[in-house]
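So for the sequence shown, our numbering puts the first residue at 155; every next one is plus one.
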Amino acid sequence: MLKGVESHLSPRTAAFFDLDKTVIAKSSTLTFSKSFYQGGLINRRAVLRTAYSQFVFLAGGADHDQMERMRKYLSALCRGWNVEQVKEIVAETLHDLIDPIIYDEAATLIEEHHTAGRDVVIVSTSGAEVVEPIGELLGADRVVATRMVVGDDGCFTGEVEYYAYGPTKAEAVRELAASEGYDLSRCYAYSDSVTDTPMLEAVGHPHAVNPDRALRREALAREWPILDFHRPVRLKQRFPAFSVPPRPALVAAAAIGAAATAGLVWYASRRRSTVA
């Protein structure tokens with residue numbers, strides 16, 4: 155159980171959540187692959203790749219070195235995509251695709267943190283065309299995500315402007331703490347991946363959620379709580395009158411080309427199979 159309601163005289167606090175496999179049961183970007191195909195952004199071959207990538211992602215994902223090696227490849231994946239088209243596709247399919255895969259346990263934690271007077275911040279490597287609407291659906295107060303350069307034509311140029319990954323997530327958390335007045339020693343953080351260790355280290359109450367093997371070892375060594383989330387539930391089942399998020403999201407950072415994560419994990423899986 156979480157600690158009680160924060161005093162208005164105390165410094166502000168927040169709960170920082172990774173998104174994929176922490177709040178939702180799948181990769182946020184990979185989940186939209188069929189919709190991107192139907193919208194003409196990717197071809198059938200890419201759909202097959204992302205289906206396999208989703209399997210690999212759920213089985214363990216890509217490690218830090220593989221992620222870094224593939225950054226240039228990923229940025230090229232979305233070059234030329236029209237940003238508004240991506241946003242429209244996500245908006246049209248958000249409830250059908252994301253609502254059913256939200257962990258009940260994560261939704262409960264978000265409610266408890268809000269009840270205790272804490273802000274809820276989603277911190278994700280995926281892009282805001284995907285992450286911002288999900289944050290709004292969840293009632294998050296802020297979203298931190300990767301963003302890519304958008305050209306004068308309204309399309310992604312393929313250049314990465316800000317990469318919300320690994321140590322950069324921790325930097326974003328500290329910057330938000332400075333600007334919003336959060337006392338990080340009293341803040342919470344949740345993630346499934348060892349690559350988010352810097353973010354977990356930045357707060358006083360780190361939690362490993364459905365951790366990969368490396369993060370499980372780290373959590374056990376540091377005596378961090380380990381949480382098992384396994385019950386996806388529709389928000390409409392939790393809130394029968396649900397039609398809009400309980401709290402609006404105040405977005406702190408923007409976008410990466412959607413589907414970058416798909417290419418990343420697919421490439422990483424190929425690399426692992428080749429090495430094996």
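Positions of the beta carbon are idealized from the N, C-alpha and C atoms, including for glycine.
Item                                                                                                         : Value
Beta-carbon spacing of GLU315, VAL297 below 7 Å                                                              : no
Three-state secondary structure (DSSP) of GLU377                                                             : coil
GLY289 versus ALA368: straight-line alpha-carbon distance, rounded                                           : 27 Å
ALA179 vs ILE252 beta-carbon contact at 7 Å                                                                  : no
Span of the alpha helix (DSSP H) around ALA245                                                               : 237-251
Whether ALA168 touches CYS341 by CB criterion (7 Å)                                                          : yes
CB of GLU283 within 7 Å of CB of VAL240, strictly                                                            : yes
C-alpha distance - ALA373 paired with ALA362, whole-angstrom precision                                       : 7 Å
Residue range of the alpha helix (DSSP H) that includes ALA331                                               : 321-334
Coarse secondary structure for PRO386, derived from DSSP in three states                                     : strand
Three-state secondary structure (DSSP) of GLY281                                                             : strand
Residue range of the unbroken beta strand (DSSP E) whose run includes THR311                                 : 310-316
Reduced DSSP category for GLN208 - H, G, I as helix; E, B as strand; rest coil                               : Only weak support is given to the placement of GLN208: the predicted model assigns it a pLDDT of 45, under 50, and the value that follows is read from those uncertain coordinates. Helix at GLN208.
Residue span of the alpha helix (DSSP H) that contains ALA168, given as start and end                        : Run containing ALA168: none in the alpha helix (DSSP H); it sits in the beta strand (DSSP E), 168-171.
Spatially closest choice to ARG388 from VAL177, HIS268 and SER333, by CA coordinates                         : VAL177
Buried or exposed by the 16-neighbour rule on C-beta atoms within 10 Å, applied to THR351                    : buried
Endpoints, beta strand (DSSP E) assigned at PRO360                                                           : 359-363
Nearest-angstrom beta carbon gap, SER347 and ASP172 [assumed within contact, 8 Å]                            : 7 Å
ASP258 in three-state terms, based on DSSP                                                                   : helix
Run of the beta strand (DSSP E) containing THR300, from where it starts to where it stops                    : 296-304
Nearest candidate by alpha-carbon position, reference ALA356, set ALA332, ARG385 and ASP295                  : ALA332
GLY320 to ASN236 span [Cα, whole Å]                                                                          : 28 Å
Alpha helix (DSSP H) segment containing LEU354, residue limits                                               : 351-355
VAL244, buried or exposed, once every other Cβ within 10 Å from all chains shown has been counted against 16 : buried
Distance between GLY335 and ASP273 (C-alpha atoms, nearest Å)                                                : 11 Å
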